[in-house]
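In my numbering, the protein residues as written are 274 to 535.
Positions of the beta carbon are idealized from the N, C-alpha and C atoms, including for glycine.
These numbers come from a predicted model, not from an experiment.
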């Protein structure tokens, strides 16, 4: 299914729109947990910031469950993989705790409302259990997606990822690792970026999500914009095209990514 993008002025406007969608869906679920699939990195930060502002205004986000899409992993002393230390600035679990939950918790405290506290992440020792856990909870209510700048990775799914991929361990390609160098300035050379990760699969995203929102913002996302808007189905050389096969997809783009004059 070819997607028609909604073009908004800038990334902050996208953040406000997506936050309102999340709040609307949470309200419809009542007291039930709301599973929000989340990327780390720059793309969805305006969404997280907007949610914190809403919490400061008294919106109840206590039922929010943050479901992280991926993380870097390293081998332990037995040779099995473990996620990197959450205190590392590039840890996706650490990002969830510091940059998603902590601001919302502080805002909730200021407005005397209960704060969310749950963060889920895949166990690299048993990645397949993540899909089972998500499925048992009823699936992801809304998954926030982003596309790699130069290789179209979504989560850590690399070009060539098969359509039926579930949560798995993946070797990260150079293009993905270079994209992540821009996100984490302490990565001053490529060898500092971990080469292995655990990630939800493209099938996890497509079949375990009730709704997805793909966000593209900035001039560096123009190739991603061109690829995703021209795709009619999943193209394994640009994994972010999985959005075309998801239920209830929404493509939100700012003017810079769509090359629309201000």
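Item	Value
Alpha-carbon spacing of residue 533 relative to residue 503, whole angstroms	17 Å
Beta bridge counterpart(s) of residue 416 as assigned by DSSP	310, 485
Inter-residue spacing [alpha-carbon to alpha-carbon] between residue 393 and residue 505	31 Å
CB of residue 331 within 7 Å of CB of residue 386, strictly	yes
Extent of the continuous beta strand (DSSP E) to which residue 470 belongs	469–472
Length of the line joining the Cα atoms of residue 412 and residue 480	8 Å
Minimum Cβ-Cβ distance from residue 338 to chain D less than 7 Å	Looking at the structure shown, chain D is missing, and only one protein chain is on hand.
Within the region 439–525, ranges of the beta strand (DSSP E) (whole runs, at least 3 residues)	441–444, 469–472, 485–489
Uninterrupted alpha helix (DSSP H) stretches inside the region 345–407 (no shorter than 4 residues)	365–368, 375–383
Endpoints, alpha helix (DSSP H) assigned at residue 296	284–302
First through last residue of the alpha helix (DSSP H) which encompasses residue 334	Per DSSP, residue 334 belongs to no alpha helix (DSSP H) and is neither H nor E.
Proximity below 7 Å, CB of residue 525 to CB of residue 501	no
Helix, strand or coil at residue 276 according to DSSP, with G and I counted as helix	coil
Outcome for residue 462 when other beta-carbon atoms lying within 10 angstroms are tallied against a minimum of 16	exposed
Alpha-carbon spacing of residue 516 relative to residue 350, whole angstroms	38 Å
Rounded Cβ spacing between residue 365 and residue 343 (contact assumed at less than 8 Å)	6 Å
Whole-Å CB distance - residue 484 paired with residue 521, under 8 Å assumed	4 Å
Anticipated Cβ contact below 8 Å, residue 486 with residue 294, distance rounded	7 Å
For residue 527: DSSP bridge partner residues	281
Counted within 10 angstroms of its Cβ, other Cβ atoms place residue 305 as buried (16 or more) or exposed	exposed
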